[in-house]
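Undergrad: Residue numbers (the numbering used here): 3 to 276.
Glycine residues also receive a C-beta, built at the ideal position from the N, C-alpha and C atoms.
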Amino acid sequence: MAKCIFLIDLDLTLIDVDYKPTIPLTRFRECIEELDSQGHVFCLNSDSPLQILSDWKEVFGFHGPIIFEKGASIYFPNGEEVATIDEHIDWASFKRSVERILREIEPSLRVIEVDYRKYFQGEETWPTRNGLVSVISPFRRHSFGMHLQKVNGSTTVKIDPELFQDIMRRMYSGLQKEFDLDLLALDANSTYSVFIAYESFVRKSCAIPLLRTAYPRATIIAIGDGSTDAELKDTVDELWAVGNAVNDLKKVAKRVSEKSITGGVLELLETRKA
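Here it is in C-alpha cells:
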C-alpha cells in the first residue's frame, strides 16, 4: 500500500529553462530508490505531453502514474490511460488554424512539426533554413503547444520578447474569428518563447479523484514552482514548493526548499526519508 504519492512538476521544478536537471542525478535517483523501497510512489504531473514525460520518468527513476497535458489525462503504470475531461475543442483543426494565421502574420516564418528536444539541445541540425521558425509539438492530443525561435544552424536563439508578444496578439485576434476563446486557456510564456492552448476548465487537479481511487490510503503531496501547482492546494493533502517558486505558491505551501529546481526537489524529498 502506497504511503505517499509525490506529484512532481517538470518545467522549472525538475528541469531548468534549458531542459536540463540542475544537479547530478546519481544522488537524486538514489533518494528516489530509497523512498520507493519504503512504499512511496512518484508521479510526474505536468503540462507536457505523455511521450516527453515518459522519457523524463525514466531519467529520474519514477515508477508511478503520469498526469499529462495539465491534467487532461492520466497514464497508469499498468498501461491504462484515462481521460479526466470531456473535450470541446478539435485540436487538429486548431493546429491548422494556428499554422495558417502564423503564415499570414509573418510570411517568412517557417512552420515545422518535429520532436524538438534533440534540436534544442544542439544534438541535431534543424531541418529548416535559418530564420524565424514555429516548432509545433507532434505529441499533444488534448492541447496545442509550439515554440517560436530563431534558428541559426544547429542552434536556436530566443526571439525578442516584444516580437513574441506582438505575434501572440495578432494570433489571438485571428483565432478569435474562428474559435470561442472562452473555451480556451491561452498561455504565452516569453521565458520559453512558447505558446500553449488548453481547454479553459482543465486543471492539474482534474486527475486527483482518479489517484484517490487508485491509491485510497495514500497521502498526496504535490511539489512544484508555479501557479498551476498552487491551484492544487485544496485537492491534495500537502503542497510543497521549490526555492524558485512563484510567491503565490510559496504562500500556500506547507514546505519551501532553500534550493531551486532539481536540488530543491531533492532537499524536500530527503525530509521524507524514514
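Quick one: Cα of Ile222 to Cα of Asn249, how far?
TA: Here residue 222 refers to the residue found at position 220 when the sequence shown is read from its first residue. Here residue 249 refers to the residue found at position 247 when the sequence shown is read from its first residue. Computed Cα separation, rounded: 22 Å.
Undergrad: Going by beta carbon distance, what residues of the same chain come within less than 7 Å of Glu35, once the five residues before and after it are set aside?
TA: For this step, residue 35 is matched to residue 33 along the sequence shown. Result list for Glu35: Gly63, in chain order.
Undergrad: Less than 8 Å between C-beta atoms, sequence neighbours within five positions excluded: which residues of the same chain meet that for Arg29?
TA: Your numbering for residue 29 matches position 27 in the sequence shown. Around Arg29: Leu268.
Undergrad: CA-CA distance, Glu180 and His144?
TA: Sequence index remark: in the sequence shown, residue 180 carries index 178 (1-based). Sequence index remark: in the sequence shown, residue 144 carries index 142 (1-based). Cα to Cα, the separation comes out at about 18 Å.
Undergrad: So, Thr86 versus Ala224, is the Cβ gap smaller than 7 Å?
TA: Taking the sequence shown and counting its residues from 1, the one referred to as residue 86 is at position 84. Taking the sequence shown and counting its residues from 1, the one referred to as residue 224 is at position 222. Cβ distance not < 7 Å, so Thr86 and Ala224 don't count as in contact.
Undergrad: For the beta strand (DSSP E) that Arg219 lies in, which residues bound it at each end?
TA: Counting from one through the sequence shown, the residue named residue 219 turns up at place 217. Here Arg219 belongs to no beta strand (DSSP E), and DSSP marks it neither H nor E.
Undergrad: By DSSP, does Tyr1 sit in helix, in strand, or in coil?
TA: Outside the displayed span of the chain (3 to 276) sits residue 1, for which this structure offers no information.
Undergrad: Reducing DSSP to helix, strand and coil, say where Arg75 ends up.
TA: Residue mapping note: residue 75 aligns to position 73 of the sequence shown, counting from 1. Rather than Arg, the amino acid found at residue 75 in this sequence is Ser. Strand, per DSSP.
Undergrad: Whose CA, out of Lys256, Arg219 and Trp242, lies closest to the CA of Lys5?
TA: Here the question's residue 5 lines up with position 3 in the sequence shown. Here the closest residue by C-alpha is Arg219.
Undergrad: Which two residues bound the contiguous beta strand (DSSP E) that contains Trp242?
TA: Counted from its first residue, the sequence shown places residue 242 at position 240. Element bounds for Trp242: Glu240 to Ala243.
Undergrad: Less than 7 Å separating the beta-carbons of Leu12 and Ser50?
TA: Here residue 12 corresponds to residue number 10 of the sequence shown, with the count starting at 1. Here residue 50 corresponds to residue number 48 of the sequence shown, with the count starting at 1. Yes.
Undergrad: Looking at the structure shown, is Gln167 part of a helix, part of a strand, or coil, going by DSSP?
TA: Within the sequence shown, numbered from 1, the residue matching residue 167 stands at position 165. Looking at Gln167 - three-state DSSP - the assignment turns out to be helix.
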